[in-house]
Amino acid sequence: NDGVNDAADCAPTDPTVFPGNADAPGDNLDSNCDGYPVDVARTVFVGPIGCANSAPNRPTRPFCRPSDAMSYVASRTSQYDTVVLLTATYTYGSYLQLINGVDIYGGYSDDFFTYTNSERSSFRSNMSGNLDNFGARGSNLTSSTVISNMEIRANQNQSGTSNGGYGRSSVGLHCVTCPGLEVRDSTV
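So this is what it looks like as structure tokens:
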């Protein structure tokens with residue numbers, strides 16, 4: 103017995119698993135007995151299944167777009183520190199904005215119950231016109247900020263307009279002053 107009432111404890115013989123414990127994203131363990139391998143209260147969910155583009159944000163009603171989830175988190179960094187994505191390909195006309203101290207984990211199953219590092223979530227930006235194309239951007243990431251199990255791609259800008267398009271840059275990850283950024287098991 104690990105000291106927690108067995109009726110509330112999902113693993114009564116394991117002292118590292120009990121209600122109220124912190125979940126570590128990416129380890130595939132439900133350490134706090136809430137049914138998910140992440141801390142639901144501190145996590146924003148993204149996935150194309152049953153999604154919405156506004157709160158409430160729960161595993162059963164995730165954000166559709168990673169960029170909307172990051173915008174939501176940007177004004178609530180004291181409340182949320184993790185964004186998790188279902189294994190899928192997300193293609194949008196904007197880049198993924200990185201936020202200081204907010205981790206991004208791809209590779210979750212359709213119900214967010216299982217994490218696998220053998221299947222990545224893919225974010226692809228398709229910016230066009232008189233712009234350089236970035237897959238993900240950030241600046242001043244001085245706190246620990248993890249990107250894990252992701253494929254981040256800036257598709258080639260080929261709008262061909264007279265003032266933009268051909269000759270523009272496509273950069274997968276652009277981060278200025280980012281000593282806290284750690285990229286794990288990802289392709290950029």
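Residue numbers (my numbering): 103 to 290.
Glycine is no exception: its CB is placed at the ideal position from the N, C-alpha and C atoms.
Note that the structure is predicted; figures quoted are calculated from it, not measured.
Span separating the alpha-carbon of residue i from that of residue j
{"i": "Cys280", "j": "Thr244", "result": "6 Å"}
{"i": "Ala190", "j": "Tyr197", "result": "16 Å"}
{"i": "Gly149", "j": "Ala109", "result": "32 Å"}
{"i": "Ser264", "j": "His276", "result": "Low local confidence applies: a pLDDT of 48 at Ser264 is under 50, so the model's placement there is unreliable, with the coordinate-based value given in what follows. The alpha-carbon atoms of Ser264 and His276 are separated by roughly 26 Å."}
{"i": "Thr184", "j": "Ala176", "result": "11 Å"}
{"i": "Val142", "j": "Tyr174", "result": "15 Å"}
{"i": "Gly137", "j": "Gly237", "result": "32 Å"}
{"i": "Phe147", "j": "Gly282", "result": "23 Å"}
{"i": "Tyr182", "j": "Ile249", "result": "15 Å"}
{"i": "Arg144", "j": "Asn134", "result": "13 Å"}
{"i": "Val290", "j": "Arg222", "result": "12 Å"}
{"i": "Pro117", "j": "Ile201", "result": "33 Å"}
{"i": "Tyr207", "j": "Ile151", "result": "17 Å"}
{"i": "Asn257", "j": "Arg286", "result": "21 Å"}
{"i": "Ala113", "j": "Phe214", "result": "20 Å"}
{"i": "Asn228", "j": "Val273", "result": "11 Å"}
{"i": "Asp111", "j": "Gly122", "result": "10 Å"}
Paired residues, beta bridge with residue i - DSSP
{"i": "Ala154", "result": "Phe165"}
{"i": "Gly122", "result": "Partner(s): none; Gly122 has no beta bridge."}
{"i": "Asp205", "result": "Thr184"}
{"i": "Ala238", "result": "Leu198, Leu275"}
{"i": "Val146", "result": "Val185"}
{"i": "Met94", "result": "Absent from the structure is residue 94, since the part of the chain shown begins at 103 and ends at 290."}
{"i": "Leu283", "result": "Thr247"}
{"i": "Thr191", "result": "Ser224"}
{"i": "Thr289", "result": "Glu253"}
{"i": "Arg178", "result": "According to DSSP, which records beta bridges pairwise, Arg178 is partnered with nothing at all."}
Selection from the options that minimises the alpha carbon distance to residue i
{"i": "Asn155", "options": "Ala171, Thr162, Asp141", "result": "Ala171"}
{"i": "Asn187", "options": "Ser227, Gly240, Val140, Ser272", "result": "Correcting the residue type first, residue 187 is Leu in the shown sequence and not Asn. Considering only alpha carbons, the answer is Val140."}
{"i": "Ser288", "options": "Asn130, Ala113, Val204, Asn219", "result": "Asn219"}
{"i": "Asp212", "options": "Cys112, Val273, Leu131, Thr162", "result": "Thr162"}
{"i": "Tyr217", "options": "Cys112, Pro121, Leu131, Gly122", "result": "Leu131"}
Near the ligand COA: residue i beta-carbon under 7 Å from a heavy atom
{"i": "Asp183", "result": "The ligand COA is absent from the structure shown, which contains no ligands of any kind."}
Inter-residue CB distance, residue i and residue j (contact presumed, cutoff 8 Å)
{"i": "Tyr192", "j": "Ser224", "result": "7 Å"}
{"i": "Asn159", "j": "Gly209", "result": "Actually they do not touch by this definition, with Cβ atoms about 19 Å apart."}
{"i": "Ser241", "j": "Glu284", "result": "No, Ser241 and Glu284 are not in contact; Cβ-Cβ is about 16 Å, not under 8 Å."}
Notebook entry, point to check: Looking at C-beta atoms only, is the number of pairs between the stretch 156-172 and the stretch 115-130 that lie closer than 8 Å three or more?
Noted result: no
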